[in-house]
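Q: The structure is given below, and queries will be raised subsequently.
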Ligand code: ADP
């Protein structure tokens, strides 16, 4: 193996290590220093050996001579390789503090990863970088920060994936996504994006205004069904919504030396006299997060402290978490024996079906109602008021009780919630609690008309933060007139979006119940959801 090849190997290894961030600058300085010392010492020793007439150099070399020559060669090769290694002077700056700009941790992370800090300098062509990723020498998740080009990073990761798996992802679109926008905010290690069709239902006539509701779904019939519900609502004068509460929650769990001590902390944080102080500590980290209440639950000496706050137009998880951290720091002074087990103790409760959300609410609590005229029930929904009322009692109320439902007293609220969430950049996993809904139907006006309502205590939505910044999601928010923060009345956009979610659920409930009452469900699904074309292409 010749010296240049060895040098190339070492250089490649050092480059890969440096690119991977696993060889910090101080370590590099030490290895460089050692190589220099080894070169000088081995050179001196070689000179001395050559000039020693009593012990002339002979082949095969003796142990000491061999070691000296090896050291000499190794240090020369190492030092030669330095010329092929990009300078480490462009090492990325230390990540910006989380507090920078007073933004969310997500934003702070994005700032830390921003292109300005991306000059760690992986040099070489695409093939070389892909090879480093494939070999594992360059961690895939370092591509963005090392290349300083999010789009190129995603493209090379995609190629590396193809080489590693032997499977192409040609069907997964690549162009059309702003890879810079998702960095540090929406998705790590992107290789493309998934297309979900967006249909529009409506107009939904809600609180005197019309909305065209974007729904991202692959379930045939869904948009058509909500559309029919919207038509029935509009033909009956529209729906009305009321926002009952706006409070995002986070519940850390802390452990105290005894249950008695945990109860003392509970009394302290729940005392009305302490609220102002705790609120001022909580509110420090955001202009929008405002503490609304604290409610505790005990399990032995573990205390679960559920903080609730308003969060302006943001969904609020980051905001509430930062406020909670402030308060925990403050409480530690009076309760030094308090041990923080986790910032989230599951009493929040995020993305789990729980009674606490169902009863207390989380995010926006909304009730939405409409009175559907008997004639519209006949002409648009093809059924009768009596049939619908009876079906709702037996299915949504009794049936769900038999099933032991937790907030699932509805026909398909989660269908509408999830489709709207995906279209508008919400966190789709929060459909778990956001879909909790009780649907009530009554015959009114001497049994001629139908009163329908949906009550949804935990709609978790925002119009700023998370996926709302992405072009397509922002465009759907724009369609509804709720894009971004509301400058005049912070929080108004997110509240309006929550009422639109509830209004759309109302339309979806009305239409599906009608389809079931009229025995149309299977027929319409065969028409929209199971077309012969689909079956043929799926089979091929
Ligand atoms: P979340 O708390 O939902 O996770 P983020 O913290 O990611 O949301 O995004 C909210 C960010 O947007 C905060 O930094 C906040 O200061 C900023 N912001 C600007 N205008 C508003 C507004 N009207 N309502 C809420 N947040 C806003």
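In full-length UniProt numbering, the protein residues as written are 1 to 540. Positions of the beta carbon are idealized from the N, C-alpha and C atoms, including for glycine.
Give a yes or no on whether the C-beta atoms belonging to residue 473 and residue 425 are separated by under 8 Å.
A: Yes, Cβ-Cβ distance for residue 473 and residue 425 is below 8 Å.
Q: Please classify residue 218 as buried or exposed, where buried requires at least 16 neighbouring CB atoms within 10 angstroms.
A: Residue 218 is exposed by the Cβ-count criterion.
Q: Can you check DSSP and say which residues form a bridge with residue 367?
A: Answer is 242, 455.
Q: Taking all protein chains shown into account, decide if residue 50 is buried (16 or more other Cβ within 10 angstroms of its Cβ) or exposed.
A: When all chains shown are included, residue 50 counts as exposed.
Q: State yes or no: is the C-beta of residue 462 nearer than 7 Å to some heavy atom of ligand 1?
A: Yes, Cβ of residue 462 sits closer than 7 Å to a heavy atom of ligand 1.
Q: For residue 274, which residues from the same chain have a beta carbon less than 7 Å from its beta carbon, with the 5 sequence-adjacent residues on both sides left out?
A: If we look at residue 274 and ignore the five residues flanking it on each side, its Cβ neighbours are 268.
Q: For residue 372, which residues of its own chain have a beta-carbon under 6 Å away from its beta-carbon, when the five flanking residues on both sides are left out?
A: 232, 236, 450, listed in sequence order.
Q: Which of the three DSSP states is assigned to residue 215 in this structure?
A: Strand at residue 215.
Q: Exposed or buried, what is residue 108 when buried is set at 16 or more other beta-carbons lying within 10 Å of its beta-carbon?
A: Any reading at residue 108 must be qualified, since the residue scores a pLDDT of 38, below 50, and its modelled position is unreliable; the value itself is stated next. Residue 108 comes out buried.
Q: Classify residue 317 as buried or exposed, calling it buried when 16 or more other Cβ atoms lie within 10 Å of its own Cβ.
A: Answer is buried; the Cβ neighbour count reaches 16.
Q: Name, in chain order, the residues that DSSP records as bridge partners for residue 330.
A: Answer by DSSP bridge pairing: none, since residue 330 is not bridged.
Q: Roughly how many angstroms separate the alpha carbons of residue 8 and residue 180, rounded to a whole number?
A: With a pLDDT of only 41 at residue 8, under the threshold of 50, the placement of this residue in the model should not be trusted, and no figure is reported.
Q: If contacts are defined as beta-carbon pairs under 8 Å, then residue 463 and residue 497 qualify, I think. What distance do you get, rounded to the angstrom?
A: At roughly 6 Å, the Cβ-Cβ gap stays under 8 Å, so residue 463 and residue 497 are in contact.
Q: Could you spell out where the alpha helix (DSSP H) holding residue 307 opens and where it closes?
A: No alpha helix (DSSP H) contains residue 307, which is instead part of the beta strand (DSSP E) from 302-310.
Q: Flag this pair as yes or no: are the beta carbons of residue 501 and residue 367 separated by less than 8 Å?
A: Not in contact: residue 501 and residue 367 (Cβ atoms no closer than 8 Å).
Q: Name the one or two DSSP bridge partners that residue 439 has.
A: Partner(s): 454.
Q: May I have the straight-line CA-CA distance separating residue 308 from residue 320, to the nearest angstrom?
A: Whole-angstrom Cα-Cα distance: 7 Å.
Q: Cβ of residue 336 versus every heavy atom of ligand 1: is any distance shorter than 7 Å?
A: No; taking the cut-off as 7 Å, the Cβ of residue 336 has no heavy atom of ligand 1 nearer than that.
Q: Give the DSSP-derived three-state secondary structure of residue 255 in the structure shown.
A: DSSP places residue 255 in strand when its eight states are reduced to three.
Q: Can you list, in chain order, the residues of its chain whose CB lies under 8 Å from that of residue 147, leaving out five sequence neighbours each side?
A: Excluding sequence neighbours, residue 147 sits near 118, 122, 129, 153, 156.
Q: Where does residue 199 sit, in a helix, a strand or coil, going by DSSP?
A: Correct three-state label for residue 199: strand.
Q: Leaving aside the five residues before and after residue 444 along the sequence, list all residues of the same chain whose C-beta is less than 8 Å from its C-beta, in chain order.
A: Answer for residue 444: 371, 450, 451, listed in chain order.
Q: Under the rule that 16 or more other beta-carbon atoms within 10 Å means buried, what is residue 324, buried or exposed?
A: By the 10 Å Cβ count, residue 324 comes out buried.
Q: Tell me the rounded alpha-carbon separation between residue 131 and residue 143.
A: So the alpha carbons of these two residues sit roughly 13 Å apart.
Q: Tell me which residues share the same chain as residue 230 and place their Cβ nearer than 6 Å to its Cβ, disregarding the 5 neighbours each side in the sequence.
A: Around residue 230: 201, 202, 204, 507.
Q: What is the C-beta distance between residue 254 and residue 315, in whole angstroms, given that I count them as a contact (C-beta under 8 Å)?
A: Their Cβ separation, rounded to whole angstroms, is 25 Å, which puts residue 254 and residue 315 out of contact at 8 Å.
Q: What is the DSSP secondary structure of residue 520, reduced to helix, strand or coil?
A: Of the three classes helix, strand and coil, the one that applies to residue 520 here is coil, per DSSP.
Q: Taking just the CA atoms, how far does residue 369 sit from residue 208?
A: Looking at the two C-alpha atoms, the distance is approximately 13 Å.
Q: Smallest Cα separation from residue 492: which of 145, 313, 165?
A: Of the candidates 145, 313, 165, the one whose C-alpha sits nearest the C-alpha of residue 492 is 313.
Q: Measure from the alpha carbon of residue 494 to the alpha carbon of each residue in 440, 333, 363, then state which is nearest.
A: Out of 440, 333, 363, 363 has the C-alpha closest to the C-alpha of residue 494.
Q: How would you call residue 441, buried or exposed, if buried means at least 16 neighbouring beta carbons within 10 angstroms?
A: By the neighbour-count rule (16 or more Cβ atoms within 10 Å), residue 441 is buried.
Q: Please state whether DSSP places residue 64 in a helix, a strand or coil.
A: Of the three classes helix, strand and coil, the one that applies to residue 64 here is helix, per DSSP.
Q: Flag this pair as touching only if the region 281-288 and the region 337-356 have three or more C-beta atom pairs under 8 Å; answer yes or no.
A: Contact between the region 281-288 and the region 337-356 is absent, because fewer than three Cβ pairs lie under 8 Å.
Q: May I ask you to report which of helix, strand or coil DSSP gives residue 508?
A: In the structure shown, residue 508 sits in a helix (DSSP, three-state: H, G or I).
Q: Short of 6 Å in beta carbon distance, which residues of its chain neighbour residue 99, apart from the five on each side in sequence? Order them along the chain.
A: Bear in mind that a pLDDT of 27 at residue 99, under 50, signals an unreliable position, so the number given afterwards is only what the model happens to contain. No residues qualify anywhere along the chain.
Q: Under three-state DSSP, which class holds residue 444?
A: Strand, per DSSP.
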